[in-house]
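J.: Mind having a look at this structure? Questions to follow.
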Amino acid sequence: MAAPTKIKKRIEALREQINYHNYRYYVLDDPEIPDAEFDRIMRELQDLEQDYPDLITTDSPTQRIGAEPLKKFSEVKHEIPMLSLANAFSDSEVEDFDRRARERLDVKSIEYAAEPKLDGLAISLMYEDGILVRGATRGDGWTGEDVTQNVRTIDAIPLRLRGKGYPKILEVRGEVIITKAGFEQLNDMQRERNTKLFANPRNAAAGSLRQLDPRVTASRPLSFFGYGLGKVTNVKLPGRHSKIMALLQEWGIPVNTEAHVVKGAEGCLDYYHQMQAKRNSLAYDIDGIVYKVDRFDWQEQLGFVARAPRWALAHKFPAQEEMTLLQAIDVQVGRTGALTPVARLEPVHVGGVTVSNATLHNQDEIDRLDARVGDTVIVRRAGDVIPQVVGVVMSRRKGRPRRYRLPDTCPVCGTHTVRLPGEAVTYCAGGLYCPAQRKQAIKHFASRRAMDIEGLGDKLVDQLVDAGLIETVADVYALEAKQLAGLERMGEKSATKLIRAIEKSKHTALARFLYALGIHNVGETTAQSLANYFGTLENIMKADEDDLMTVPDIGPVVAKSITSFFSQKHNREVVSKLLQAGIAWPKIKVKADAELPLKGRTIVVTGTLASMTRDEAKAAVQMLGGKASGSVSSKTDYVVVGENPGSKADKAESLGVEILDEGSFLKLLGKK
Ligand code: 5U1
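Following this line, the structure appears as structure tokens:
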């Protein structure tokens, strides 16, 4: 059945809208509508094309991914070779370049189009009558690979040019890149799938474009900036590079908006230094600046030498990656007890500074790199980020160095280290004792939701530890007012007040005390479940992993974390000192199953209740064996709705979860 004219018109209008919004987003960097609205327009077009497949055209924005995977890429001969650029590494080389060009042209001064040199993959895009017909890699400059079906998946590259006046044949040359954020996102995805990480955005862009299956390319966050022309027919174009770039932009090709026309070597160097300062704040990696003589007639006069034009120069930034020797691997222990392996390197100049240490992150990263002491490694320093080891030059490995393993004991306090199942980080288990974790442990212990010692804030903890007055949380209870009074900004009155607050904190609850110990993965809810289930601290301390896993919601990771903590002699000593200091809590009567009417039930509270706070409601549910959750799912048994409920009430309704008002909730708790 032929499609009605109305449908044809609607399809054309939707395509135009999509192309327009892509242009706003990728070329002008100024989106007009939210992503959700864009998706809606795209979906409408997809639906219509599904109903009327005869109306699908290859330049429709829905047709970016369509082709089947290839067996191999075919060759493309570049009619006009894709040249490389001469490099400069110092200001004087730029001055020489400008002087030589002026002398050859016999002119006093030259205007240059200056723009960032992107760190991606050079490609050629061929447009015929405004339609993208071919995408090819640079290859050796004369012969590249046909990557048309991959290039079509990149949203920043228009399948059809905008406006009018473009040449019948227009070859655009430029760089396919991945933004820094896209690179992080891609490596996160690779990590989740346990596949190889990309060393840098350049490799990621190149690897993504050279995929035989266009669906893989489509899943990668690639972008594009045009920087020049190749073959062009049948139209008289402006005589300056900068004007051509403006035209390309009008035709819908993204070009670098940082580009500027500058005067002479001085202008080039000013621009270079400005961009170098701005480099880290750009969304994409750049590795230098390209200067091009702006006037085409002058470009022609200057011509070429070997494979590079005499009218252009790449002025490189200092390298961000260098090779050096991995002399040793040391371990640092952070405030939370995390062990970080640090590479000690033979000092090397990277990105303008001397680097002798770089992070190796964790054991998984060392294994992934297979970094061993004595290896030649690649160090990367990008911006203000801590230098990283990003690779090992295997061909330079000498002999058979031993694999590196993080130590079994903490290099700071000697306590055992643990790596919990499924976690990348190795921790020191001496949380209450380890000097590296001291301040953090005491700050957490004193915090409001833990022991709630009013007045013992972060700054005071720093002062007390720095003055050597306390080493562990137990020492807090031995503090005397006269010791405190000598501290900065601490008068007699506030010292007495603090001592009183410390005294008051001794009357607590078992759950609070457990939470205050700062055991990894034991938050308030887990602490409450442990207290309810075991009743006494003694029972928790002697429970093995199997015992702990019988508690609802405690899995192997949390169980191991708890046993590792209490198996450390030093931690047990601190706990025992705390008890000796007089910390105590009301006895807990462990309830038999019959007394746990909410056992196995998950309850969500939303909105404000008149008779209790949200925390009190949570505690009440837990006391009766139930699980108090923060989000509604099909596994939720009841949603308790108070005043001004949020979207959770709607969600409960849509999932068919039973909704209780406050009265029914109180009945459920046996309070009515
Ligand atoms: N930004 C930019 N990169 N880049 C690379 N412009 C530019 N121009 C190039 C190359 C190879 O070549 C032309 C000067 C021919």
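Going letter by letter, the sequence shown gives residues 2 to 673 in this note's numbering.
Beta carbons: idealized from backbone N, C-alpha and C, even for Gly.
Give the single residue among R296, D295, G392, R406 whose Cα lies nearest to the Cα of T341.
T.: R406
J.: Quick one: what does DSSP say H242 is sitting in, helix, strand or coil?
T.: helix
J.: Pull up the distance between the alpha-carbon of G626 and that of R449, whole angstroms please.
T.: 25 Å
J.: What are the uninterrupted segments assigned as beta strand (DSSP E) that are 3 or more residues long and contained completely in the stretch 255-303, given in chain order?
T.: If we require 3 residues or more, the beta strand (DSSP E) runs fully inside the stretch 255-303 come out as 261-264, 287-294.
J.: Find the nearest neighbour of R163 within the set V263, R308, N23, judged by alpha-carbon distance.
T.: Checking every option, the nearest Cα to that of R163 belongs to N23.
J.: Assuming the contact rule is C-beta atoms closer than 8 Å, E706 and V380 should be a hit. Round their C-beta distance to whole Å, please.
T.: The question about residue 706 has no answer here: the residues shown for the chain are numbered 2 through 673.
J.: Give me the Cβ distance between T609 and G643, rounded to the nearest whole Å; I'm assuming they're in contact under 8 Å.
T.: 5 Å
J.: DSSP three-state label for R203, please.
T.: helix
J.: What span of residues does the beta strand (DSSP E) with L160 cover, start to end?
T.: Element bounds for L160: n/a, residue is neither H nor E.
J.: Which residue or residues does DSSP assign as beta-bridge partners of M395?
T.: In the DSSP output, where bridge partners are listed per residue, M395 has none listed.
J.: By Cβ distance, which residues of its chain are closer than 7 Å to L270, with the 5 residues on each side in sequence left out?
T.: D92, V95
J.: With the cut-off set at 7 Å, would you say L1 and D376 are in Cβ contact?
T.: Residue 1 falls outside the range modelled here, since the chain spans only 2 to 673, and no answer is possible.
J.: For the ligand 5U1, is there a heavy atom less than 6 Å away from the beta-carbon of Y113?
T.: Y113: no, Cβ never under 6 Å from the ligand 5U1.
J.: Check whether the stretch 39-56 and the stretch 98-109 are in contact - that is, three or more C-beta pairs closer than 8 Å.
T.: no
J.: Report yes if the C-beta distance between L499 and G456 is below 7 Å; otherwise report no.
T.: yes
J.: In terms of alpha-carbon separation, which member of D409, A315, T234 lies closest to V334?
T.: Minimum Cα-Cα distance from V334 among the listed residues D409, A315, T234 corresponds to D409.
J.: Comparing C-alpha positions only, which one of D120, I57, P255, P412 sits nearest to I12?
T.: I57
J.: Take every Cβ of the stretch 75-94, pair it with every Cβ of the stretch 218-234, and state whether three or more of those distances are shorter than 8 Å.
T.: Yes, they touch.
J.: Pick from F184, L249, L15: whose alpha carbon is nearest that of D286?
T.: F184
J.: For the beta strand (DSSP E) that D331 lies in, which residues bound it at each end?
T.: 322-334
J.: Does the Cβ of K460 lie closer than 6 Å to at least one heavy atom of the ligand PLP?
T.: For the ligand PLP, the structure offers nothing, since it holds only the ligand 5U1.
J.: Please determine, among Q250, R161, R174, A157, the residue with the shortest C-alpha to C-alpha distance to S224.
T.: Among Q250, R161, R174, A157, the Cα nearest to that of S224 belongs to A157.
J.: Taking Cβ to Cβ, would you say A593 is nearer than 7 Å to V606?
T.: no
J.: Should the stretch 533-546 be called in touch with the stretch 440-448, which here means at least 3 C-beta pairs below 8 Å?
T.: no
J.: Any idea what DSSP makes of N358, helix, strand or coil?
T.: strand
J.: Quick one: is G431 buried, meaning 16 or more other Cβ sit within 10 Å of its Cβ, or exposed?
T.: buried
J.: Looking at Y228 and the ligand 5U1, is the gap between the Cβ and the nearest heavy atom below 6 Å?
T.: For the ligand 5U1, at least one heavy atom lies less than 6 Å from the Cβ of Y228.
J.: Could you name the residues that DSSP lists as bridge partners for H316?
T.: A89, I290
J.: Should the stretch 299-318 be regarded as contacting the stretch 264-281, the criterion being three or more beta carbon pairs within less than 8 Å?
T.: The stretch 299-318 vs the stretch 264-281: in contact.
J.: Within its chain, find whatever has a CB closer than 7 Å to the CB of Y273; leave out the 5 residues flanking it on each side and keep chain order.
T.: I290, H316
J.: Enumerate in chain order the residues of its own chain whose CB-to-CB distance from T509 is below 7 Å, with the five nearest sequence positions on each side excluded.
T.: M452, I584, W586
J.: Are the stretch 554-573 and the stretch 479-495 in contact at 8 Å, needing three or more beta carbon pairs?
T.: no
J.: At the level of alpha carbons, what is the spacing between N20 and R174?
T.: Straight-line Cα distance between these residues: approximately 21 Å.
J.: On the three-pair Cβ rule with 8 Å, is the stretch 417-431 touching the stretch 352-372?
T.: A contact is defined here as three or more CB-CB pairs under 8 Å, and the stretch 417-431 meets this definition with respect to the stretch 352-372.
J.: Assign N235 to buried or exposed, taking buried as 16 or more other Cβ atoms, counted over all protein chains shown, within 10 Å of its Cβ.
T.: exposed
J.: Classify V523 as helix, strand or coil using the three-state DSSP reduction.
T.: coil
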